[in-house]
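Enquirer:
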Amino acid sequence: MSDTTQLLRFITAGSVDDGKSTLIGRLLHDSKSIFEDQFSAIARTSEKRGMAAVDLSLLTDGLQAEREQGITIDVAYRYFATPKRKFIIGDTPGHEQYTRNMVTAASTANLVVILIDARRGVLVQTRRHTYLASLVGIPHIVLAVNKMDMVDYSEARFDEICTEYLAFAAQLGLHNVTCVPLSALVGDMLVDRGENLNWYQGPTLMELLENVEIDHDVNTTDFRFPVQWVCRPQTEEYHDFRGFMGRIEAGEVSVGDEITVMPSGRTSHVKQIVTLDGELQTAFAPQSVAITLTDEIDISRGDMFVKADYLPTVTREFDAMLCWLSETPLDKQRKYLVKHTTRTAKCLFSSIDYRVDVNTLEQHANPTVNMNDIAHVRLKVQQPLVVDAYKRNRASGSFIVIDEATNNTVAAGMIA
Amino acid sequence: MSNRIFTHLDSLESESIHIMREVAAECKNPALLFSGGKDSIVMLRLAEKAFRPAKFPFPLVHIDTEHNFPEVIATRDKLAADLGERLIVRSLEDSIRRGTIVIKNPDLPRNPYQSVTLLETIAEFDFDACMGGARRDEEKARAKERIFSFRDEFGQWDPKNQRPELWDIYNTRVHPGENIRVFPISNWTELDIWQYIGREKLHIPSIYYAHEREVIRRGNSVIPVSDLVQPKPGEKVEVLSVRFRTVGDVTCTAPVESTASNVEEIIAETATTRITERGATRMDDQTSDASMELRKKEGYF
Chain A
25 MSDTTQLLRF ITAGSVDDGK STLIGRLLHD SKSIFEDQFS AIARTSEKRG MAAVDLSLLT
85 DGLQAEREQG ITIDVAYRYF ATPKRKFIIG DTPGHEQYTR NMVTAASTAN LVVILIDARR
145 GVLVQTRRHT YLASLVGIPH IVLAVNKMDM VDYSEARFDE ICTEYLAFAA QLGLHNVTCV
205 PLSALVGDML VDRGENLNWY QGPTLMELLE NVEIDHDVNT TDFRFPVQWV CRPQTEEYHD
265 FRGFMGRIEA GEVSVGDEIT VMPSGRTSHV KQIVTLDGEL QTAFAPQSVA ITLTDEIDIS
325 RGDMFVKADY LPTVTREFDA MLCWLSETPL DKQRKYLVKH TTRTAKCLFS SIDYRVDVNT
385 LEQHANPTVN MNDIAHVRLK VQQPLVVDAY KRNRASGSFI VIDEATNNTV AAGMIA
Chain B
13 MSNRIFTHLD SLESESIHIM REVAAECKNP ALLFSGGKDS IVMLRLAEKA FRPAKFPFPL
73 VHIDTEHNFP EVIATRDKLA ADLGERLIVR SLEDSIRRGT IVIKNPDLPR NPYQSVTLLE
133 TIAEFDFDAC MGGARRDEEK ARAKERIFSF RDEFGQWDPK NQRPELWDIY NTRVHPGENI
193 RVFPISNWTE LDIWQYIGRE KLHIPSIYYA HEREVIRRGN SVIPVSDLVQ PKPGEKVEVL
253 SVRFRTVGDV TCTAPVESTA SNVEEIIAET ATTRITERGA TRMDDQTSDA SMELRKKEGY
313 F
C-alpha cells in the first residue's frame, strides 16, 4: 500500500446457495489476505465435515451459534487490502427475513455485489436486493453472474441474464450497473481471469473493486457541517477560543467563507479551520475539523453550518421511506425519538401511507409495519430538523428512530 | 476534488474522531481504556485530534493485571503525564484482596479475570461508556460487534440482540446501570495501526521492535522468560531476536521471531505475514474456536 491508497466499503447480496461466502473466501484467498492459521482452522473443519476440498465459505462464519446452525445471522465486517485499495466487506445474510441486515450494511457501502446463480437467473431475491440497493442509494452496483462453470461458461446465458437484469434495474432508475461473469468455486474472473471465460473482455471483479471511481460518492457541492461538540478550553492560552467541532458531511469550506447557521439562519464568516496538525485554508468532506467564526453567535450541538448557495430545508414535518428493524411493530399512537445528524428530537408518525412489497414492488395502503417492512410515512418532529432529500445527500437525508422505552434502534429512515 | 487524495488512513482517522466526539457529546460519564499498548496509543492520538486544544472530556483508565511488561507500564505513565491527562489505574490485586477474584493457580494468565475488575471499576466511577481499542480484524467474534456495543447491567454482550447500526448515526442511549463499550478503531487492521504509528511518529514501547530476549519454546509458541515464567525441568533457554505483535499478560503473550527494528520494517513484515495477530501471540485465544466469544459474553472487551 502507498500513501494514495483509498478506502472502499462494499457489500455482497445473495443467498448461501449463490456461493456468496465462497466468493468472499475466494477474494480473500486469491488476494493473499487469508492467514495460515485461519486457513488451517477451516481446513480442519472441512475435513471433519467430510469435504473433499477446503470450504472457503467457512471463513466468514463468525459466531458459535452460526457455526452450529450453518447460517450467517448478522452483519460481519471483513478487511483486506491490495496495493491499490483497502476494502471493508459488509457480509450480509441473504435469508428471507433479513432485510434489516442488508439495509444496515448497505447504509455505509460505496458498492454492492449482487450475486446470481447462472443456472437460476434473476430471482425474486435478486429483485429484492436490487430494490434495497436503490432505496439505500448505494452508488455502484456490480451484478456478479456466478457458477458460470455450471452452465458451460455460456456467453449466451450470461447475455440473457444481463439483459433481463438491466431492464429491471432501469425500471428502478439504476444505470450504474456493471455485469461480470465468474466462477467463485474455480476462481475465474475474480482476481485471476482464468482460462474459461475468454469471450469476456471486461474487468475482473477485483479490477472493478480496485478502480471504480468513488470520489463523488459523497456530495461534493452542498456544504454541510453538523456541530458535534463545542470546544472551549478556557485556558490562558486559548482564553477566547470557541471551536465548533464536527465532520464535514458534504461539500467544502474555506477560511473567509460566509456560512449560515441552521436552523437560526444567522450568518458569520469562517475565521480558522483548526486541526491538531495545524490550521487549514480549505477543508472538505469527510474531514473532521474544528471551525472558529468571526462573530459570537449562540451555537450548540445539533446546529448545522451551511452555505447560502444551496440551503437545506428546516422543517418539523416530512415524508420518508422507513425500514422497520424491530420485532415490535410500529405503533402510530406512540412517540419515538428521531436522531438526525447530531440532533435528537421526539417524533410521531402522522401517517403511514403505504408499504412496499420488496418482492413485487407493489404498494399496499394502510399497512401495519412489522420488522423488515419498507414503508412510506410522514413524521412530525417536536423541534425543527435541518434536512435534505436523501437522494441528494445521504448524510443530511438519513435518520434513525429510537424507542424510548427500550432504547433500541427500531427503524432507519430516508427523507423523501 | 480529484486533486485531493483522501487516503484510507485519513478516512479511518476521521471516522474515529467522529465516534469519539459523539461519545463525549452524548454520554454522561465516559472513559477511555488505556493500557500503553500500541492500539491504545493510537487511540490517545485520535483523542488529541478530536479534542485539542482542550483537555480530554474523559479520564484514561487502565485495568492492570500486574502481569506486565515494565516498558509498557513506563510508556503508559509517561504518555498520560506528557499529555497532562488524568489516569485511573485499578488492579486485579484489588479485586483479589476483596475476594471478588479467586485465583486458583497464580502462574496462569490473568486475562480472564480482567472482566471482573473492569466491571467493578465501571460501577465505582459510574461510567456509562468505555472506549476501547479493539479491532474487528482481531477475531471472528469481534467482526460482528457494533462500534457502539450495548452491555446489560451485568456487563454482558448478547451477540444475537445487538442494535442495528446504520450510516454513522450512533444510538448511545442506555438505562441507568447499563453501559456501552465503544470501539472507535473497529475498522482498523493491524497494518493500518502500524502505518498510522509511522505516519504520526508515535512513541510505542520498545518491546514492539526487534530485540534479543531469553525465551523458551512451548508447543508452537516462543515464551519470554520473566519473573513469572521460568523454564521447567528439561526446557532450554534460548536467546532469539524477537518482537511483540500484541502486548498483554506477560505469561500468555508470545513474541514472534523478527529482525524488524523500525516501523518501516514492521509494516513490510505485517503486509506479508501469513499468521493473524492473535493466532501468533495469544495462547488464551487458542483454547477453542469460540474462546473470545465466550469471554466477551461475560463482560470482557
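Chains as they are written, first to last, in the working numbering: chain A, 25 to 440; chain B, 13 to 313. C-beta atoms are modelled at their ideal positions from N, C-alpha and C, and glycine is treated no differently.
(1) Starting from P42(B), trace the beta strand (DSSP E) in both directions and tell me its first and last residue.
(2) In the structure shown, what three-state DSSP assignment does F34(A) receive?
(3) Classify N222(A): buried if its beta carbon has 16 or more other beta carbons within 10 angstroms, exposed otherwise.
(4) Under a three-way DSSP split, which group does C255(A) fall into?
(5) Can you pull the chain B neighbours of C186(A), defined as C-beta to C-beta under 8 Å?
(6) Could you round the C-beta distance between R217(A) and V175(A) to whole angstroms and report it? I think they count as a contact, below 8 Å.
(7) Give me the DSSP bridge partner(s) of F104(A).
(8) Report the neighbours of S23(B) on chain A: residues whose CB is nearer than 8 Å to its CB, in chain order.
(9) When burial is assigned at 16 or more other CB atoms within 10 Å of the CB, is K156(B) buried or exposed?
(10) Can you check DSSP and say which residues form a bridge with C264(B)?
(11) Quick one: residues in its chain with C-beta nearer than 6 Å to the C-beta of P257(A), no 5 flanking neighbours on either side, listed in chain order?
(12) Let me check understanding here. Comparing Cα to Cα, which of I424(A), D301(A) and E428(A) lies closest to G512(A)?
(13) Using a C-beta to C-beta distance shorter than 8 Å, which residues of chain A count as neighbours of I29(B)?
(14) So the beta strand (DSSP E) Y360(A) belongs to, where does it begin and stop?
(15) Looking at chain B, is there any beta carbon in it that lies within less than 7 Å of the beta carbon of Q357(A)?
(16) Return the CA-CA distance between Q298(B) and L24(B), expressed in angstroms with no decimal places.
(17) What did DSSP end up calling F139(B) once you bin it into helix, strand or coil?
(18) What is the C-beta distance between A23(A) and R33(A), in whole angstroms, given that I count them as a contact (C-beta under 8 Å)?
(19) Give me the residue from S131(A), G326(A) and A435(A) with the minimum Cα distance to H164(A).
(20) Taking S207(A) as part of the alpha helix (DSSP H), name the residues at either end of that continuous run.
(21) Output yes if chain B places a C-beta closer than 7 Å to the C-beta of C371(A); else output no.
(22) Quick test of the definition: if touching needs 3 or more C-beta pairs under 8 Å, does the segment 93 to 101 of chain B touch the segment 60 to 68 of chain B?
(23) Would you verify that the beta carbon of S422(A) is, or is not, closer than 7 Å to some beta carbon of chain B?
(24) Checking the sheet assignment: what are the DSSP bridge partners for A400(A)?
(25) Touch check for the segment 325 to 333 of chain A and the segment 295 to 313 of chain A: three-plus C-beta pairs under 8 Å?
(26) Exposed or buried, which one is K56(A) when buried takes at least 16 other CB atoms within 10 Å?
(27) Taking F361(A) as the reference, which of P250(A), D427(A) and T128(A) has the closest Cα?
(28) Going along the chain, which unbroken runs of the beta strand (DSSP E) with 3 or more residues stay wholly within the segment 141 to 192 of chain A?
(29) With distances taken between CB atoms, is the gap from V237(B) to E250(B) smaller than 7 Å?
(30) Around the C-beta of K359(A), are 16 or more other C-beta atoms found within 10 angstroms, so that it is buried, or is it exposed?
(31) Once the 5 residues before and after T366(A) are set aside, which same chain residues still bring their CB inside 6 Å of it?
(32) Quick check: the Cα distance between P391(A) and E351(A), rounded to an integer number of angstroms?
(33) Along the segment 154 to 172 of chain B, what residues have a CB closer than 7 Å to any CB found in chain A?
(34) Considering only the alpha carbon of each residue, which of T318(A), L403(A) and T291(A) lies closest to R340(A)?
(35) Could you compute how far the alpha carbon of D212(A) sits from the alpha carbon of W348(A)?
Expert: Answer, in terms of the structure:
(1) P42(B): member of the beta strand (DSSP E) spanning P42 to L45, first to last residue.
(2) strand
(3) Answer is exposed; the Cβ neighbour count stays below 16.
(4) strand
(5) Correct list: empty, because the minimum Cβ distance to chain B is about 30 Å.
(6) No, R217(A) and V175(A) are not in contact; Cβ-Cβ is about 18 Å, not under 8 Å.
(7) F111(A)
(8) Q30, L31 and P310
(9) buried
(10) BP columns for C264(B) are empty, so no partner.
(11) The residues are F265.
(12) Residue numbering for chain A in the displayed model covers 25 to 440; residue 512(A) lies beyond these limits and cannot be assessed.
(13) Neighbours of I29(B) on chain A, chain order: R271 and S312.
(14) Bounds of the beta strand (DSSP E) holding Y360(A) are Y360 to H364.
(15) no
(16) Confidence is the limiting factor: at Q298(B) the pLDDT is only 47, short of 50, which leaves the residue's position unreliable, though a coordinate-based value still follows. Each residue's Cα considered, the two are about 29 Å apart.
(17) coil
(18) Absent from the model: residue 23(A). The displayed extent of chain A is 25 to 440, so no value can be given.
(19) S131(A)
(20) Per DSSP, S207(A) belongs to no alpha helix (DSSP H) and is neither H nor E.
(21) no
(22) yes
(23) yes
(24) For clarity, residue 400(A) is His in the given sequence; the question names Ala instead. In the DSSP output, where bridge partners are listed per residue, H400(A) has M345(A) and Y378(A).
(25) no
(26) With fewer than 16 other Cβ atoms from the protein chains shown falling within 10 Å of its own Cβ, K56(A) counts as exposed.
(27) A quick correction: the sequence has Leu, not Phe, at residue 361(A). The residue with the shortest Cα to Cα distance from L361(A) is D427(A).
(28) 164 to 170
(29) no
(30) exposed
(31) P250, Q252, R325 and G326
(32) 16 Å
(33) A155, K156, P171 and K172
(34) L403(A)
(35) 39 Å
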